[in-house]
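Engineer: Here's a structure for you.
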Amino acid sequence: MPSVRRDPTQILLVDDHPVVRERLAEVFSREPDLLVCGEADSRHRALEAIADTAPDIVLLDLTLKQSDGLELIKDIRARWPSLKILVVSMHDEAVYAERAIRAGARGYINKQEATRRILVAVRQVIAGQTYLSDSVAGQVVGRVAVPPNAAAVAPSDVLSDRELQVFRAIGQGLTTRQIAAELHLSLKTVETYRGRIREKLNLPTSAEVLQKAIAWVHPA
């Protein structure tokens with residue numbers, strides 16, 4: 007009986023670094039079952055590309071030009087509920103993977119992973135499964151199993167996606183003006199987020215927020 011020929015999986019690459027897109031495109035070009043159908047470097051261009059190319063899966067970074075990857079995931083999920091999304095990012099998987107999954111992604115893998123692992127992740131998500139590294143998958147299960155009061159609450163457990171972005175930027179040493187420019191927010195909005203962060207983490211002063219943020223971004 008003759009084998010049934012299947013069309014290759016159509017992949018849209020969304021990353022603000024051309025070198026990363028070129029690297030991934032080269033990886034997929036060697037795989038007969040995978041095909042890059044388009045590229046984008048921002049939220050706006052990504053949404054346009056999805057409408058134009060109808061990919062089977064979107065690979066996206068969490069940091070994009072003038073936009074945030076987590077918000078883009080939510081946009082995609084709202085417009086194309088069945089479209090599969092795999093996050094390929096340099097951000098700490100232990101912090102962001104669970105947020106990406108909650109936003110609507112089907113997997114999370116670090117850009118520094120070996121090529122074969124990225125291919126495994128893509129094929130696993132295409133097959134309808136969720137991809138996470140073993141260590142992070144265990145942490146997610148652990149958080150579900152452990153009662154909230156059983157351990158100290160981490161910033162990633164209580165802060166919203168945008169608050170965590172601001173908190174990370176504080177820990178990186180950015181000023182309020184720099185954070186506003188990077189996240190495309192007003193100075194007043196950044197100050198509002200700073201206040202919410204201080205309240206949620208129960209930190210009396212801005213200096214303590216800075217100290218905790220630095221320790222979180224650069225753990226000992």
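According to the working numbering, the sequence shown is numbered sequentially starting from 7. Beta carbons: idealized from backbone N, C-alpha and C, even for Gly.
1. Between which two residues does the beta strand (DSSP E) holding Ser95 run?
2. In this structure, does DSSP put Gln16 in helix, strand or coil?
3. From this set, Val26, Thr136, Arg200, which residue's C-alpha is nearest Arg108's C-alpha?
4. Can you list, in chain order, the stretches of the beta strand (DSSP E) that have 3 or more residues and sit fully within the segment 14 to 53?
5. Residues in its own chain within less than 8 Å of Ala158 by CB, not counting five upstream and five downstream?
6. The beta strand (DSSP E) with Gly113 in it runs from where to where?
7. Helix, strand or coil for Thr69 per DSSP?
8. Across the segment 195 to 211 and the segment 172 to 187, are there enough close Cβ pairs to call them in contact, namely three or more that are closer than 8 Å?
9. When burial is assigned at 16 or more other CB atoms within 10 Å of the CB, is Ala46 buried or exposed?
10. So, Leu92 versus Leu65, is the Cβ gap smaller than 8 Å?
11. Under 7 Å: does the beta carbon of Lys71 sit that close to some heavy atom of the ligand FAD?
12. Hey, Lys90 and Asp62 are a contact pair by Cβ (cut 8 Å); roughly how many whole angstroms apart?
13. I'd like to check one pair, Ile82 with Ile124: are the Cβ atoms closer than 8 Å?
14. On the DSSP letters alone, give me the boundaries of the alpha helix (DSSP H) that Pro161 sits inside.
15. Considering only their Cβ atoms, is the gap separating Val142 from Val100 smaller than 8 Å?
16. Please state the DSSP three-state secondary structure of Asp74.
17. Within 10 angstroms of the Cβ of Met7, are there 16 or more other Cβ atoms? Answer buried if so, exposed if not.
18. Note down, in chain order, each residue of its chain lying with its Cβ closer than 8 Å to the Cβ of Leu189, except the 5 sequence neighbours on either side.
19. Would you list the residues sitting across from Asp63 in a DSSP beta bridge?
20. List the DSSP bridge partners of Tyr137.
21. Locate the alpha helix (DSSP H) running through Gln180, then write down its first and last residues.
22. Quick check: the Cα distance between Arg27 and Glu104, rounded to an integer number of angstroms?
Structural biologist: In brief:
1. 90 to 95
2. It is a strand residue.
3. Thr136
4. 15 to 20, 40 to 46
5. Because the pLDDT at Ala158 is just 49, under 50, the model does not fix this residue reliably, and the value given afterwards should be weighed accordingly. The answer is none, since no qualifying residue turns up.
6. 113 to 116
7. strand
8. yes
9. buried
10. Result yes, Cβ atoms of Leu92 and Leu65 sit closer than 8 Å.
11. As far as ligands go, the structure on display features none, and thus does not contain the ligand FAD.
12. 7 Å
13. no
14. 161 to 164
15. Residue identity differs from the one stated: residue 100 is Ala in this sequence, not Val. Yes. Within cutoff.
16. strand
17. Low confidence applies here, because Met7 scores a pLDDT of 48, under 50, leaving its location unreliable; read the following figure in that light. Sixteen is the threshold: since fewer than 16 other Cβ atoms of the shown chains lie within 10 Å of the Cβ of Met7, the residue is exposed.
18. Leaving aside the five residues that flank Leu189 on each side, the residues in its chain whose CB is nearer than 8 Å to its CB run, in chain order, Asp74, Arg168, Gln171, Val172, Ala175, Val196.
19. Here the sequence assigns Ile to residue 63, which means Asp is not the residue at that position. Beta-bridge pairing links Ile63 to Ile17, Lys90.
20. Gly113
21. In the sequence on display, residue 180 carries Leu and not Gln. Taken as a continuous stretch (DSSP letters only), Leu180 belongs to no alpha helix (DSSP H), as it is neither H nor E.
22. Distance from the CA of Arg27 to the CA of Glu104, rounded to the nearest whole angstrom, comes to 24 Å.
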